[in-house]
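What follows is a short report on a single structure.
Residue numbers (our numbering): 1 to 438.
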């Protein structure tokens with residue numbers, strides 16, 4: 001079984017045509033609330049985000065482009081901007097912004113960046129989301145490193161992100177022990193966090209209150225649920241999922257790296273439940289110490305959902321994506337034949353359900369329809385639309401040698417946007433944006 005119906009190709013419309021630079025959607029929420037614009041960055045393969053200075057948007061119907069933000073003194077080593085996402089509720093965009101005090105000695109890095117919000121009606125006016133305080137005494141609600149892959153919650157009041165800590169990176173360099181562990185945090189639009197900078201442009205105040213919500217450790221106990229890395233995260237539902245008591249629980253799903261009984265690393269699906277009040281510390285400081293990571297707030301609960309360590313083909317991957325109502329999470333794992341397929345699982349736990357049945361690997365790009373129990377994904381360099389439980393999907397895009405990536409739904413569920421990498425006259429592939437109507 002191929003797992004696909006090939007008689008349903010949709011007309012692809014190329015929106016961008018400038019082959020001098022990339023138009024990178026980067027697995028984000030790129031549609032404006034009214035579905036009229038798509039936001040993206042213009043990074044190069046060589047320089048990446050650190051060498052990119054522009055965030056743009058393109059009109060879905062006309063192809064008109066506008067620059068939303070441009071750094072003032074962009075260099076090959078920073079500050080750098082990229083990975084832009086629109087809010088679902090307001091005309092504003094969030095993206096990575098490297099630190100302004102970058103230099104050849106202190107370039108853009110995972111632990112040297114922050115989240116910046118720019119409103120459509122006020123381009124080039126940055127609002128710093130997460131406060132940064134990298135010198136003791138630290139500040140509750142501020143972080144000490146770099147945030148990345150920012151994602152607005154469906155109801156607009158929260159932003160999720162991945163995180164790397166600058167202080168623990170320094171400890172790692174000094175000791176050789178892996179303290180620089182990627183983890184996950186959230187920011188809430190509740191109260192600004194004021195920081196008195198010890199180093200200009202290194203520390204700064206932020207408009208949102210930020211905490212880490214996932215606990216990671218350098219050496220997880222083999223066979224336990226401890227993890228050394230958390231990533232591939234996204235919000236569950238518009239504002240959470242229904243828990244066993246029938247109440248809406250705000251949460252993020254993610255991939256966490258455990259160790260099996262033999263001490264080998266395996267990636268599994270996890271959920272972290274997040275309290276509405278993230279300002280209350282647990283037994284350890286929210287802001288962390290000079291030698292410890294900032295701690296999750298009181299009421300945070302981290303749970304493992306998948307248990308593949310003893311299976312024939314262990315491991316899960318991709319960004320864990322939630323259906324619109326929060327009832328199902330989708331991820332990629334291998335089937336009994338060893339091919340990568342789309343699986344789903346409830347945020348409450350249980351046995352994962354295999355949803356795709358291809359003879360070869362699904363390669364990623366899982367995105368749920370915003371209103372229905374269906375999703376798209378990439379297989380054999382094509383975009384496939386699958387209704388949950390149907391086992392056979394519809395191939396939406398024509399066969400092409402130009403790599404396809406980064407699919408994203410419009411809010412009304414009628415349009416899909418994605419990247420194709422198409423060579424320019426010099427033969428250098430440049431990411432262009434395409435759309436198709438369903």
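Built from N, CA and C at the ideal position, the CB exists for glycine as well.
Every value quoted in this text rests on a predicted model; they were computed, and no experiment measured them.
Counting C-beta pairs with one atom in each stretch, the segment 219–236 and the segment 128–143 have fewer than three that are closer than 8 Å, which means they do not touch. Excluding residues up to 5 positions away in sequence, nothing lies with its Cβ nearer than 6 Å to the Cβ of residue 125 in the same chain. Each residue's CA atom was taken as its position, placing residue 178 and residue 90 some 39 Å apart. Pairing residue 22 with residue 46 gives a Cβ-Cβ distance that is not under 9 Å. Excluding its 5 nearest sequence neighbours in each direction, residue 374 has C-beta neighbours in its own chain below 8 Å: 368, 385, 386, 387 and 388, listed in chain order. For residue 117 and residue 217, the gap between their C-alpha atoms comes out near 31 Å. Counting every other CB atom within 10 Å of its CB across the protein chains shown gives residue 435 a total of 16 or more, marking it as buried. In this structure, the alpha-carbon of residue 96 lies about 27 Å from that of residue 61. Separation of the CB atoms of residue 275 and residue 294 is rounded to 16 Å, and the pair is thereby denied contact status at 8 Å. For residue 171, the closest alpha carbon among the candidates 399, 289 and 331 is that of 289. When only Cα atoms are considered, residue 270 and residue 425 end up about 45 Å apart. Judged by beta-carbon spacing, residue 250 lies beyond the 9 Å limit of residue 277, meaning their Cβ atoms are not closer than that value. The three-state reading of DSSP puts residue 251 in strand, counting E and B together. Apart from sequence neighbours up to five positions away, no residue of its chain approaches residue 175 with a beta-carbon distance below 7 Å. Per the Cβ contact rule, the segment 103–115 is in contact with the segment 138–147 (3 or more Cβ pairs under 8 Å).
Of 121, 104 and 10, the smallest CA-CA separation from residue 32 is found for 121. Collapsing the DSSP output to three states places residue 175 in a helix. Judged by beta-carbon spacing, residue 326 lies within the 9 Å limit of residue 248, meaning their Cβ atoms are closer than that value.
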